[in-house]
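**Q** One structure follows; several queries about it will come next.
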Amino acid sequence: MMIEIWSKPQCPFCDRAENLCKQKNFDYKKYMLDVDFSREEMFEKFPTARTFPQITINGELIGGYTEFEAKVRSEE
19 MMIEIWSKPQ CPFCDRAENL CKQKNFDYKK YMLDVDFSRE EMFEKFPTAR TFPQITINGE
79 LIGGYTEFEA KVRSEE
């Protein structure tokens, strides 16, 4: 399972998503706004996104932190 976290600086929910991955020993890649991608690229990749983070698992959009946490907890 490969998790991608599309993040921005000073984002508590982005930090929570990363911490959850660490707690569960998940492999993940974190992409940072204005370092790894631009806002334009974000909205091209996730046209309906309005919040950070946006999280994918194996290329499939899960949503933000709340959706990601619910998915992780449901699979425990």
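In the numbering used here, each residue's number is its place in the sequence shown (first place is 1) plus 18. Even glycine gets a Cβ: it sits at the ideal position worked out from N, Cα and C.
#1: Tell me the DSSP bridge mates of T74?
#2: For E85, is the classification buried or exposed, using 16 other Cβ atoms within 10 angstroms of its Cβ as the cut-off for buried?
#3: For a quick check, are the C-beta atoms of S25 and M60 less than 8 Å apart?
#4: Between which two residues does the alpha helix (DSSP H) harbouring K42 extend?
#5: Who pairs with K89 in a beta bridge, going by DSSP?
#6: Checking 8 Å against the spacing of the C-beta atoms, do T74 and G82 come in under that value?
#7: Apart from the five residues on each side of it in sequence, which residues of its chain come closer than 6 Å, Cβ to Cβ, to F44?
**A** On the basis of the supplied data:
#1: Counting from one through the sequence shown, the residue named residue 74 turns up at place 56. E22, L79, per the DSSP bridge assignment.
#2: Residue mapping note: residue 85 aligns to position 67 of the sequence shown, counting from 1. With fewer than 16 other Cβ atoms within 10 Å, it is exposed.
#3: What you label residue 25 is simply residue 7 of the sequence shown in a count that begins at 1. What you label residue 60 is simply residue 42 of the sequence shown in a count that begins at 1. Going by C-beta atoms, S25 is not nearer than 8 Å to M60.
#4: Walking along the sequence shown from the start, residue 42 turns up at place 24. Where K42 is concerned, there is no enclosing alpha helix (DSSP H), given that its DSSP letter is neither H nor E.
#5: As a working mapping, residue 89 is identified with position 71 in the sequence shown. Note: K89 sits in no beta bridge, so no partner.
#6: For the purposes of this step, residue 74 is taken as residue 56 along the sequence shown, with counting starting at 1. For the purposes of this step, residue 82 is taken as residue 64 along the sequence shown, with counting starting at 1. Not in contact: T74 and G82 (Cβ atoms no closer than 8 Å).
#7: Walking along the sequence shown from the start, residue 44 turns up at place 26. For F44, where only same-chain residues beyond five positions count, the Cβ hits under 6 Å are I21.
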